[in-house]
Structure formats: C-alpha cells, structure tokens
C-alpha cells in the first residue's frame, strides 16, 4: 500500500492468454520493459474500452497480468477508477488491455508513441535533417518515408534508404 495515496502500487488481474501474448510481442518489439508498456496502456487506453471482445473469448485460457504502477501514474489511476465507478477494478483493467490488444500493431503503436510520430511526420513535411539513435547507432538524415511494414504491421521510418522501427528510434535533435 502506498500510504500517501492510499492506493496499491501493484496491479494483478486475470486476462486471456491472448492479451498476455500480445503484450509479450509488443514488449519485445518496442524493446521496453513490461511494466512500462502496461503503464502506458493503462493511461493511454483508459477511455477506449472494448467490452464485447471480453465476452467473446470465454474459450481462451486465462493468466494473471501483474505489473507495478509507476509513481507518476498513481494519481491518474485513482482518477481513472473514479471515472469507471460502475465496474470493478479487475473489469476496468481487463477492458483497457483488451481494447489495446484488439487493435492491429501499427494502431497500438500510434497510440503509445503519438508524440514521437507527430514529431517525425512534421520533420518529414519540413524536410528537416534529424539525428536519431537506432539499434545500429546514431544516424543523421532526412526522412524518406513513414509507413506501416506490410509483413508485421509495425511502423517504420526510412532514412538514407534504410528502414528503422519507429518505436526503436530515439530522437536526439
């Protein structure tokens, strides 16, 4: 228990195995820790709940999803619970994560990395030369294109005729 907010800092909820599989896939692809991804989802998807999908998957095996709330998200989480008074905490969290996992990868990515994508789109439109940190090191250049990879459905940015996943680039300037 966090005495300051009288709220717990750990979340544990039973979700379908499918939800866990998607979260594991995105954790690997985005190269971010599970707790970070889960916190982003909780905050960015709390108004986009999909109750129908939860009801359509009774055949799906269930597993526990467990993660810690980031300190900054505890006040937001308290507000979120107040907004969804008609649902239990477990139902609320389950619906948030189901809403996330029912989207194709590029739409999940757009929601999670919106600020970065807007910056890259603006830089492309203005023909700005960027300096980015990638899995291969630091690169400089202008953006040739921003598009969805048609094989795995994640977003890519093309710079200097090389493609990089948007979720894995860090903007230096």
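Residue numbers (the numbering used here): 1025 to 1197. C-beta atoms are modelled at their ideal positions from N, C-alpha and C, and glycine is treated no differently.
Please report the residue range of the alpha helix (DSSP H) in which residue i lies.
| i | result |
| --- | --- |
| residue 1126 | From DSSP, residue 1126 is part of no alpha helix (DSSP H); its letter is neither H nor E. |
| residue 1100 | 1098-1107 |
If you follow the beta strand (DSSP E) that residue i is part of, which residue opens it and which one closes it?
| i | result |
| --- | --- |
| residue 1034 | 1034-1040 |
| residue 1058 | No beta strand (DSSP E) holds residue 1058; the alpha helix (DSSP H) holding it covers 1058-1068. |
| residue 1086 | 1086-1092 |
Judging by CA-CA distance, which residue of the options is the nearest neighbour of residue i?
| i | options | result |
| --- | --- | --- |
| residue 1130 | 1037, 1191 and 1033 | 1191 |
| residue 1035 | 1045, 1068, 1116 and 1107 | 1116 |
| residue 1160 | 1100, 1183 and 1060 | 1183 |
| residue 1086 | 1139, 1096 and 1042 | 1042 |
For residue i, which residues from the same chain have a beta carbon less than 6 angstroms from its beta carbon, with the 5 sequence-adjacent residues on both sides left out?
| i | result |
| --- | --- |
| residue 1164 | 1155 |
| residue 1188 | 1158 and 1181 |
| residue 1193 | 1156 and 1158 |
| residue 1177 | 1128, 1129 and 1130 |
When you compare the CB positions of residue i and residue j, do they come within less than 8 angstroms of one another, or not?
| i | j | result |
| --- | --- | --- |
| residue 1084 | residue 1114 | no |
| residue 1088 | residue 1038 | yes |
| residue 1149 | residue 1166 | no |
| residue 1136 | residue 1170 | no |
Leaving out five residues before and five after residue i in sequence, what residues of the same chain have Cβ atoms less than 7 angstroms from its Cβ?
| i | result |
| --- | --- |
| residue 1120 | 1065, 1066, 1069, 1070 and 1073 |
| residue 1132 | 1050 and 1124 |
| residue 1061 | 1047, 1050, 1051 and 1054 |
| residue 1100 | 1067 |
For residue i, which residues in the same chain have their Cβ closer than 8 angstroms to its Cβ, ignoring the five residues on either side in sequence?
| i | result |
| --- | --- |
| residue 1134 | 1141 and 1179 |
| residue 1059 | 1091, 1092 and 1094 |
Tell me the start and end of each unbroken alpha helix (DSSP H) in the stretch 1130-1185 that is at least 4 residues and wholly inside, in chain order.
-> Counting only runs of 4 or more, we get 1138-1149.
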